[in-house]
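Trainee:
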DNA sequence: CTCATTACTTTCTTTTTGGATACTATAGTA
DNA sequence: TACTATAGTATCCAAAAAGAAAGTAATGAG
């Protein structure tokens, strides 16, 4: 959680004002965000499946990042009233429109970024 | 500085292995990186000018982020042997090829991201 | 001999992020 | 009654990122 009293907080605000790209980075910048979008896109719609794909992510982080993606309206979260519980994540239309851009960025990276620069 | 012994570190490594986009985000994800690329592109080539554009950045952070951008070959750093010292930053060709992609990402953000989602 | 200028570096502290681990809820099954 | 499965929460601690403030270096001007 952010302290609204921190310099950190006010800096982010001022930065967003002079560089609107910052908001985009805020949404995509979480450590696991893009990987999650990718795996959900690949058809891994459930919490457990995503954890199997990324065995090193903790439940806490998976939960937190999915929640942020949901708040930023990049993923839908559909709950089925079953037991044991079933929840399915899917990409929103907003996220769909993002995919081609991410692909361009990915291609740029392929061409120009080596694993450890 | 990163501890290579930390879970943090190994997670980054494993994540990069399954999601190559992660390397791109590593390069662009620093708090001030994209704003810096933008202002350098706009013609603010010197340390002091960049600080004037972003009065809230500390010298430490400005220095660190410029250094990373230089290491990732997105900015050139040209030192003039003068006194007082003069150093000029400029975008590399690699960074030039990135600009159109960032512009697409920016346009996506314009359309889909509100300031605080 | 002090001051100004520029581009930083260093040290210390605060803030934020991330990891480890244990715990919760609910219904069905053995 | 205990055990399974699923999708998480909660708490506490370690690691990393970022900020504050002071210091460094070299030269020319006064």
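Protein chains in written order, with our numbering: chain D, 46 to 162; chain C, 46 to 162. The C-beta atom is built at its ideal place from N, Cα and C for all residues, glycine as well.
Around the C-beta of residue 47 (chain C), are 16 or more other C-beta atoms found within 10 angstroms, so that it is buried, or is it exposed?
Mentor: Position 2 of the second chain, counted from the first residue, corresponds to residue 47 (chain C). By the neighbour-count rule (16 or more Cβ atoms within 10 Å), residue 47 (chain C) is not buried but exposed.
Trainee: Could you confirm whether any beta carbon from chain C is found closer than 8 Å to the beta carbon of residue 59 (chain D)?
Mentor: Here residue 59 (chain D) corresponds to residue number 14 of the first chain, with the count starting at 1. Chain C, which has a Cβ nearer than 8 Å to the Cβ of residue 59 (chain D), makes this yes.
Trainee: Look up residue 85 (chain C) in the DSSP assignment and say whether it is helix, strand or coil.
Mentor: Taking the first residue of the second chain as 1, we reach residue 85 (chain C) at position 40. Three-state result, residue 85 (chain C): helix.
Trainee: Indicate whether residue 74 (chain C) and residue 74 (chain D) have their beta-carbon atoms separated by less than 8 Å.
Mentor: For this step, residue 74 (chain C) is matched to residue 29 along the second chain. For this step, residue 74 (chain D) is matched to residue 29 along the first chain. Going by C-beta atoms, residue 74 (chain C) is nearer than 8 Å to residue 74 (chain D).
Trainee: Tell me whether the beta-carbon of residue 132 (chain C) lies closer than 8 Å to the beta-carbon of residue 92 (chain C).
Mentor: As a working mapping, residue 132 (chain C) is identified with position 87 in the second chain. As a working mapping, residue 92 (chain C) is identified with position 47 in the second chain. Cβ distance < 8 Å, so residue 132 (chain C) and residue 92 (chain C) count as in contact.
Trainee: Note down, in chain order, every chain C residue with its Cβ under 9 Å from the Cβ of residue 101 (chain D).
Mentor: Counting from 1 along the first chain, the entry for residue 101 (chain D) is found at position 56. In chain order: 52, 55, 56, 59 and 60.
Trainee: Locate the beta strand (DSSP E) running through residue 48 (chain D), then write down its first and last residues.
Mentor: Position 3 of the first chain, counted from the start, is the residue given in the question as residue 48 (chain D). It is not in any beta strand (DSSP E) - residue 48 (chain D) carries neither H nor E in the DSSP assignment.
Trainee: The beta strand (DSSP E) with residue 122 (chain D) in it runs from where to where?
Mentor: Counting from 1 along the first chain, the entry for residue 122 (chain D) is found at position 77. Its beta strand (DSSP E) spans residues 120-125.
Trainee: 8 Å is my cut-off, CB to CB: does residue 132 (chain D) come that close to chain C?
Mentor: Translated into positions along the first chain, residue 132 (chain D) becomes position 87. Not one chain C Cβ lies under 8 Å of residue 132 (chain D).
Trainee: DSSP three-state label for residue 71 (chain C), please.
Mentor: As a working mapping, residue 71 (chain C) is identified with position 26 in the second chain. Residue state, collapsed to three classes: helix.
Trainee: Tell me whether residue 144 (chain C) is buried or exposed, calling it buried when 16 or more other Cβ atoms sit within 10 Å of its Cβ.
Mentor: On the second chain, position 99 is the one that residue 144 (chain C) refers to. That one is exposed.
Trainee: So residue 134 (chain D) packs on residue 111 (chain D), CB below 8 Å; how close in whole Å?
Mentor: Working through the first chain from its first residue, we reach residue 134 (chain D) at position 89. Working through the first chain from its first residue, we reach residue 111 (chain D) at position 66. With 8 Å as the limit, residue 134 (chain D) and residue 111 (chain D) qualify as a contact, their Cβ atoms being about 6 Å apart.
Trainee: Just to confirm the assignment: which complete alpha helix (DSSP H) runs, minimum length 4, are found wholly within the stretch 108-157 of chain D?
Mentor: Whole alpha helix (DSSP H) segments, 4+ residues: 138-157.
Trainee: What separation, rounded to the nearest whole angstrom, lies between the Cα atoms of residue 68 (chain C) and residue 157 (chain D)?
Mentor: Taking the second chain and counting its residues from 1, the one referred to as residue 68 (chain C) is at position 23. Taking the first chain and counting its residues from 1, the one referred to as residue 157 (chain D) is at position 112. Taking the straight line joining both Cα atoms gives about 10 Å.
Trainee: I'd like to know if residue 70 (chain D) contacts chain C, where contact means its C-beta is closer than 8 Å to some C-beta of that chain.
Mentor: Indexing the first chain from 1 puts residue 70 (chain D) at position 25. Closer than 8 Å to some Cβ of chain C, the Cβ of residue 70 (chain D) qualifies, so yes.
Trainee: Mind the definition here: the stretch 70-88 of chain D touches the stretch 54-67 of chain C only if three or more C-beta pairs lie below 8 Å; say whether that holds.
Mentor: The stretch 70-88 of chain D is in contact with the stretch 54-67 of chain C.
Trainee: Identify the continuous alpha helix (DSSP H) that holds residue 92 (chain C) and give its terminal residues.
Mentor: Looking up residue 92 (chain C) in the second chain gives position 47. It spans 92-98 - the alpha helix (DSSP H) in which residue 92 (chain C) sits, taken as one unbroken run.
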